[in-house]
Amino acid sequence: MQHTPKYKLNLIDPSDDFSPDPLNANATALETQLAAHETRLDGMDTKFTAAIGSGGSTARIAAGSYKGNGTSRSLSFPFKPLVVFVGSSQGSPYAFPTVLLRGVKKGFAENDQTSFSVTWSDKGVSWSSVFNNVDGTTYYYVAIGE
Numbered sequence: 005m006q007h008t009p010k011y012k013l014n015l016i017d018p019s020d021d022f023s024p025d026p027l028n029a030n031a032t033a034l035e036t037q038l039a040a041h042e043t044r045l046d047g048m049d050t051k052f053t054a055a056i057g058s059g060g061s062t063a064r065i066a067a068g069s070y071k072g073n074g075t076s077r078s079l080s081f082p083f084k085p086l087v088v089f090v091g092s093s094q095g096s097p098y099a100f101p102t103v104l105l106r107g108v109k110k111g112f113a114e115n116d117q118t119s120f121s122v123t124w125s126d127k128g129v130s131w132s133s134v135f136n137n138v139d140g141t142t143y144y145y146v147a148i149g150e
């Protein structure tokens, strides 16, 4: 009996006597692998992260979504964010595309004259404003950092 290279699944040869054992072993191996992937993917339906580049500082990117709560919003990442883009496709008030830049303590929404305070942490950003945070509205973000 031969085996697949990666997961070592049983490959039944035409000359093998039929037995359910190799098929059952394949099913068990697949179940184990799928469970491991499911565990790794749990919660990633709204987030992804990736490392890009090499050298002294590796660029990283993360994206996801959140529901606004109307009061304050914090986003955290597994790296130091340098720029965060936020917006919504739902067309609610105060859902203007916004760019947040590390070191800039005020956020400005596109097409609006109002600013809001932004606080940066080592691995995140937060703001207390209804901008990109209307209660119940879905927002999307992309963060680029190191």
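The sequence shown begins at 5 in my numbering and counts up one residue at a time.
Just so it is clear, CB atoms sit at the ideal spot from N, CA and C, and this is done for glycine as well.
From a predicted model like this one, the values you see are computed outputs, not experimental measurements.
For Lys-71, the enclosing beta strand (DSSP E) stretches over residues 63–71. The C-beta of Leu-104 has 16 or more other C-beta atoms within 10 Å across all chains shown, which makes the residue buried.
Only residues of its own chain outside the window of five on either side were considered, and among them Leu-86, Trp-124 have a CB closer than 6 angstroms to the CB of Arg-106, listed in chain order.
If you draw a straight line from the Cα of Tyr-70 to the Cα of Thr-36, it is about 31 angstroms long.
Beta bridge pairing from DSSP links Pro-85 with Gly-149. Nearest C-alpha to Gly-74 among Ser-92, Thr-141, Phe-120: Thr-141.
Of the candidates Tyr-11, Pro-26, Met-5, Met-5 places its Cα closest to the Cα of Ser-19.
Relative to the Cα of Ser-119, the nearest Cα in the group Asp-139, Asp-126, Val-129, Thr-102 belongs to Thr-102.
Comparing alpha-carbon positions, the option among Leu-79, Phe-22, Phe-89, Asn-14 lying closest to Leu-34 turns out to be Asn-14.
In the DSSP assignment, the residues bridged to Ser-130 are Ser-78, Thr-123. Taking C-alpha positions only, Lys-84 is separated from Leu-38 by approximately 32 angstroms.
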